[in-house]
Amino acid sequence: MADMMVGLLFVFIILLLYFALQFQQKSKALSDAGEARAQLLTELKREIERSDQTLKVTIDPVTGVLTLPAAVLFAKGDDRLSAGGQAAVAAVGRAMARVLPCYTLPRRSAGCSYVTERSIDAIFIEGHTDSDPFTGNGRIGDNLDLSAFRAANTFRQLRTLELGLDGLRNSAGQPILSVSGYGEARPVPNNPGLSEAQKSLNRRIDLRFLMDTPKADDLDDLLTRQQ
Numbered sequence: 147m148a149d150m151m152v153g154l155l156f157v158f159i160i161l162l163l164y165f166a167l168q169f170q171q172k173s174k175a176l177s178d179a180g181e182a183r184a185q186l187l188t189e190l191k192r193e194i195e196r197s198d199q200t201l202k203v204t205i206d207p208v209t210g211v212l213t214l215p216a217a218v219l220f221a222k223g224d225d226r227l228s229a230g231g232q233a234a235v236a237a238v239g240r241a242m243a244r245v246l247p248c249y250t251l252p253r254r255s256a257g258c259s260y261v262t263e264r265s266i267d268a269i270f271i272e273g274h275t276d277s278d279p280f281t282g283n284g285r286i287g288d289n290l291d292l293s294a295f296r297a298a299n300t301f302r303q304l305r306t307l308e309l310g311l312d313g314l315r316n317s318a319g320q321p322i323l324s325v326s327g328y329g330e331a332r333p334v335p336n337n338p339g340l341s342e343a344q345k346s347l348n349r350r351i352d353l354r355f356l357m358d359t360p361k362a363d364d365l366d367d368l369l370t371r372q373q
């Protein structure tokens, strides 16, 4: 009986050490991914504003978002990129073409200022509007339509101007660029959206970067390996 108890205690200690190691590894992976994403956003902002000194973008390293004000890209109520919007998206595309290959597959290391094992899993090109009702013009019915069309047109322009972006892949071999529209459903945090200045902040295109993190083996796999 004593030998059995010692054996069970030993197994318990091994399992405890395993879970502690997995937690440590996953915490480090998440920390590394956050650090890589913050560096990625900083590099993109620098390259964009170097390419077009009149274009000012904002980044949020915590949420992984780079924001382009809609006023720079579109006329009010229009989903088509203005001439200035096309120039702005061109600057963003050039920056993405230079920076993203350092964080995607196939991996490029030459010319990269930051070397990391972490990769981009996905980039969501998100359209957002203010809360003012959109009356519609036949083709666009409401704010949700407007935001989705704006995101899609930004996506198309990026792919047209920088053909290499289509070839960038995540660790699963999937394209990294995707599109979503949220209408007025996701305003800027802590922004009431009441004044015109506040509403203008909600009218935007966000580029949201998600990083790939390794998956830990589950307990069933561990037990199977020990049998």
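Just so you know, we're using this note's numbering here: the sequence shown kicks off at 147 and counts up by one. For glycine and all other residues, C-beta sits at the position ideal for the given N, C-alpha and C. A quick note: this is a predicted structure, and the numbers were derived from the prediction, not measured.
If you draw a straight line from the alpha carbon of residue 348 to that of residue 333, how long is it in whole angstroms?
It is roughly 5 angstroms from the alpha-carbon of residue 348 to the alpha-carbon of residue 333.
Measuring alpha carbon to alpha carbon, tell me which residue in 208, 213, 225, 205 is nearest residue 289.
Closest option to residue 289, judged by alpha-carbon separation, among 208, 213, 225, 205: 225.
May I ask you to list the residues that DSSP assigns as paired with residue 211?
According to DSSP, residue 211 bridges with 206, 354.
For residue 325, name the three-state secondary structure that DSSP assigns.
Residue 325 falls in the strand class under three-state DSSP.
Would residue 345 pass as a contact of residue 278 if the rule is Cβ separation under 8 angstroms?
Yes, Cβ-Cβ distance for residue 345 and residue 278 is below 8 angstroms.
Can you tell me whether DSSP reads residue 342 as helix, strand or coil?
Taken through DSSP and simplified to helix, strand or coil, residue 342 comes out as helix.
Ignoring anything shorter than 4 residues or poking outside the region 266-342, list the alpha helix (DSSP H) runs there in chain order.
Listed in chain order, they are 289-307.
I need the boundaries of the alpha helix (DSSP H) containing residue 230, first residue and last residue.
For residue 230, the uninterrupted alpha helix (DSSP H) segment begins and ends at 229-245.
Identify every residue that forms a DSSP beta bridge with residue 251.
Residue pairing for residue 251: DSSP places it in a beta bridge opposite 315.
On a CA-only basis, which of 329, 274, 281, 280 is nearest residue 351? Give me that one, please.
Sorting 329, 274, 281, 280 by C-alpha distance to the C-alpha of residue 351 places 274 at the top.
In chain order, what residues of the same chain lie with their CB nearer than 6 angstroms to the CB of residue 238, ignoring the 5 residues before and after it?
Sequence-distant partners of residue 238 (beyond 5 residues in either direction) whose C-beta falls short of 6 angstroms from its own C-beta, in its chain, are 194.
According to the neighbour-count rule (16 or more other Cβ atoms, all chains shown, within 10 Å of its Cβ), is residue 312 buried or exposed?
That one is exposed.
Using the rule of at least 16 other Cβ atoms within 10 Å of the residue's Cβ for burial, across every protein chain shown, is residue 336 buried or exposed?
With fewer than 16 neighbouring CB atoms inside 10 Å of its own CB, residue 336 falls in the exposed class.
Indicate whether residue 201 and residue 353 have their beta-carbon atoms separated by less than 8 angstroms.
No.
In terms of residue numbering, what span does the alpha helix (DSSP H) encompassing residue 256 cover?
Element bounds for residue 256: n/a, residue is neither H nor E.
What is the residue span of the alpha helix (DSSP H) that residue 221 lies within?
Going by DSSP, residue 221 is part of no alpha helix (DSSP H) at all; its letter is neither H nor E.
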